[in-house]
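Structure record follows, encoded as structure tokens.
Chains as they are written, first to last, in my numbering: chain A, 382 to 673; chain B, 142 to 701.
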């Protein structure tokens, strides 16, 4: 299996950083559209899924952002009409639409980021910087569901002996207060045991090593190289040629030149990389199945 | 040479007058399965903790503990951490990390073992335990039994030479606890691992042990083989530990017979067949008469926690009559606790009717359901305590139910006298032993003067004496006309104390009957005494029943 989910956490992190940086600094509506489409294709293909209501939400954000911009920004030379003596310009409308698409692309990629870089990958990455912080986070991640469960237990136990079981406002406040004070003593009790258990298993000895399930495979290396290659290409090309799209005061298209086309291709490949990986997996499996 | 040697060990906690351990001497050989027993608070935990350097409590210690030729205090930190494994009682609170794989690797990481070796050792232990299915799971998703298995695996991965276990099965249900003991036995027999385990319930473990140690008030009262241990109770049949012995051993010691002592059901069966006839093969039981008034009634109750989750109760019908002690038995996750929640108005069924005291449960407004009516003692009594002393907690409850503080104080005095907790009122609830906590929690439950008391696993983690106390309290409550409904795994407790009981299975109550009838009709899900007498005597459910029948048959002189 080689898709974005199964890549080494470090490679996945580099990938997301590349995509986010490229979206933010490109200043070109074509790039935002590509990023959005890439995000939609990947999410739709993988287990992240895009539901109809996500499209509804996206449309809402799009309309809200693209319509607010011309109301506040009056730059631009093409005046369409006036609202309260303020000009509404075509440039401002288009700029609003560009902002909206960029925002949606960022939101969508951020959602994928959250689903791909799970708790354990975060812990692995933090362990590289500080093993102690990583262990602390791991114990915290374990403690949260434990305390949540405890809150439920305490609440029903208190209610079932009739203490602050009424529906009044005062009762509710008092019962919440009680639950949390009980939770604190319980948490401390639990922490004593965890401490003993850690100590019993040798925590605090010198020379602690770090174990993880993630292995850096050849394919991780290959994909990392590819990502870095695209990154370097984007940086070099955008330094060489101005690919910016200027909205104000009037549209100024970047010159159609070889380096612009190359940049677009590099960005396309970068944004569609996870999608391509997933599709490749599908094809491979279909192929394997037909052999069996 | 002994593997573990304890010489003249005495120990006292700081700022206490009495010592916790007095002049303890014993040895454990390599590969021995050693059982440590004794009543709650006798010093078992302190003794076990002293054996492990990292957990050794602070206090005044004299005497020697020699592990493998070296005093534990002089042991190298690494050796002590890896070679002496320790498992505590609560499966939940020993888990350090959020995922199963990380928990397994945690100890090895601490020892500084290289990553590749950790991978190999983790793989090995996962395969040995057969826990590959949940290797990638979050620890919070595991059941109690699985958590304790994980704790054991996480200690074993460090390749210990001796395992110290402090009541590891006390918080588990019977199935999970049998599984756990099985694993231990396998480790001991197949790998020759030395085991020193403290346990309350001796039914399944005594016949497995090579050696038994018994502590009493900090003194080592007995050390020897299991059969000698059983023999010890023949001289002291009223000893508080006696009721924790396996049923076969209890029957033997009550009969005061002169043969070799049986330690498990198989030996118990042959012991009775060899020595007693069965001309009188049944005891006459009194017909059980219940009260006419119904205390709680469930009619075709359906319940699920969430819209998309499976049904927990599937048309459950249940009637509990006034003044009786009704026990609900059943496996884990079958819906016993949910049923209690429904009777107590904590959950609302989506279909069906619930009557409490003849009135629909929905008709009770505010907290009137809990005032002089129904109250629940939930599984973990600790969650009921919020204040610094037991008295403060009780006073708070009393303020809810009684207008004048005098009235409240009178009620507290009355209840604490009945439960015999007057001397505990000024203590911090977390400092009490399990049984004492249970009693104080029960006091809090009784403040609202309930007519119906629901107890969820009241005997969990209690020793034999604690169970006896709970049984007596239930009798006292019944004497005042209170209806008691108990949810429990503890078959023996039900056989001895219930008026009626039923099995919860697949969302419904099955085979509601008196304990005698209920257990006599079962073959697998029944008391050890009943399994011993099965096919030989009828309707013998408790050890006392079997003993009575044995005595009648030998008096008649009717051998085989």
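Here a beta-carbon is modelled for each residue, glycine too, at the ideal position from N, C-alpha and C.
| Check | Outcome |
| --- | --- |
| Whole beta strand (DSSP E) elements within the stretch 430-504 of chain A, 3-residue minimum | 460-464 and 467-470 |
| Where residue 257 of chain B sits in the DSSP three-state scheme | helix |
| Residues that DSSP places opposite residue 360 of chain B in a beta bridge | B/163 and B/357 |
| Euclidean distance between Cα positions of residue 459 of chain B and residue 232 of chain B | 33 angstroms |
| Residues of its chain near residue 501 of chain A, where Cβ-Cβ distance is below 6 angstroms and the 5 sequence neighbours each way are ignored | none |
| Minimum Cβ-Cβ distance from residue 335 of chain B to chain A less than 7 angstroms | no |
| Min CB distance residue 144 of chain B to chain A below 7 angstroms | no |
| Contacts of residue 236 of chain B in chain A (Cβ-Cβ under 7 angstroms) | 523 |
| Residue-level contact to chain A via CB, residue 161 of chain B, 7 angstroms cutoff | no |
| Contact residues within the stretch 526-538 of chain A, judged by C-beta distance below 7 angstroms to chain B | 526, 527, 534, 535, 537 and 538 |
| When B/646, B/316 and B/627 are compared against residue 640 of chain B, the one with the closest alpha-carbon | B/627 |
| Which listed residue (B/668, B/539 and B/271) has its alpha carbon closest to that of residue 554 of chain B | B/539 |
| Proximity test, residue 408 of chain A beta-carbon vs the ligand MN heavy atom, cut-off 6 angstroms | The ligand content of the structure shown is nil, which means the ligand MN is not present either. |
| C-beta neighbour in chain B for residue 561 of chain A, strict 7 angstroms | no |
| Exposed unless 16 or more other CB atoms sit within 10 angstroms - verdict on residue 322 of chain B | buried |
| Chain A within 7 angstroms of residue 251 of chain B, Cβ atoms only | yes |
| Cross-chain neighbours of residue 601 of chain A in chain B, by beta carbon under 7 angstroms | Near residue 601 of chain A there are no residues of chain B at all, since even the closest Cβ is about 17 angstroms away, more than 7 angstroms. |
| Start-to-end residues for the beta strand (DSSP E) that takes in residue 243 of chain B | Looking at the DSSP string, residue 243 of chain B is not in any beta strand (DSSP E); the run it does join, the alpha helix (DSSP H), is 241-252. |
| Residue 405 of chain A, buried or exposed, once every other Cβ within 10 Å from all chains shown has been counted against 16 | exposed |
| Residue-chain proximity (residue 533 of chain B, chain A), Cβ-Cβ < 7 angstroms | no |
| Chain A contact for residue 218 of chain B (CB, 7 angstroms cutoff) | yes |
| Local conformation of residue 606 of chain B per DSSP, three classes | helix |
| Span separating the alpha-carbon of residue 700 of chain B from that of residue 164 of chain B | Because residue 700 of chain B sits at a pLDDT of 41, beneath the cut-off of 50, its placement in the model cannot be relied upon, and the following sentence gives the value as read from the coordinates. Roughly 49 angstroms separates the two Cα atoms. |
| Which residues DSSP lists as bridging residue 339 of chain B, in chain order | B/177 and B/307 |
| Reference residue 557 of chain A; option with closest CA among A/570, A/540, A/526 and A/571 | A/540 |
| Residue-level contact to chain B via CB, residue 501 of chain A, 7 angstroms cutoff | yes |
| DSSP state of residue 436 of chain B mapped onto helix, strand, coil | strand |
| Assumed close pair residue 417 of chain B, residue 223 of chain B - CB separation to whole angstroms, cut-off 8 angstroms | Rounded, the Cβ-Cβ distance is 52 angstroms, inconsistent with contact. |
| Closest Cα partner of residue 622 of chain B within the set B/638, B/536, B/306 and B/465 | B/465 |
| Residue 208 of chain B, DSSP secondary structure in three states | strand |
| 7 angstroms Cβ cutoff met for residue 341 of chain B and residue 597 of chain B | no |
| Against chain A: residues of the stretch 548-577 of chain B by CB proximity under 8 angstroms | 571 |
| Chain B within 7 angstroms of residue 520 of chain A, Cβ atoms only | yes |
| Cβ distance (whole Å) where residue 674 of chain B is taken to contact residue 688 of chain B below 8 angstroms | Not confirmed; about 10 angstroms, so no contact. |
| Chain E contacts from the stretch 570-599 of chain A (Cβ-Cβ distance under 7 angstroms) | The structure shown has no chain E; the protein chains it does contain are A and B. |
| Cβ-Cβ separation, residue 586 of chain B to residue 516 of chain B (assumed contact under 8 angstroms), whole Å | 5 angstroms |
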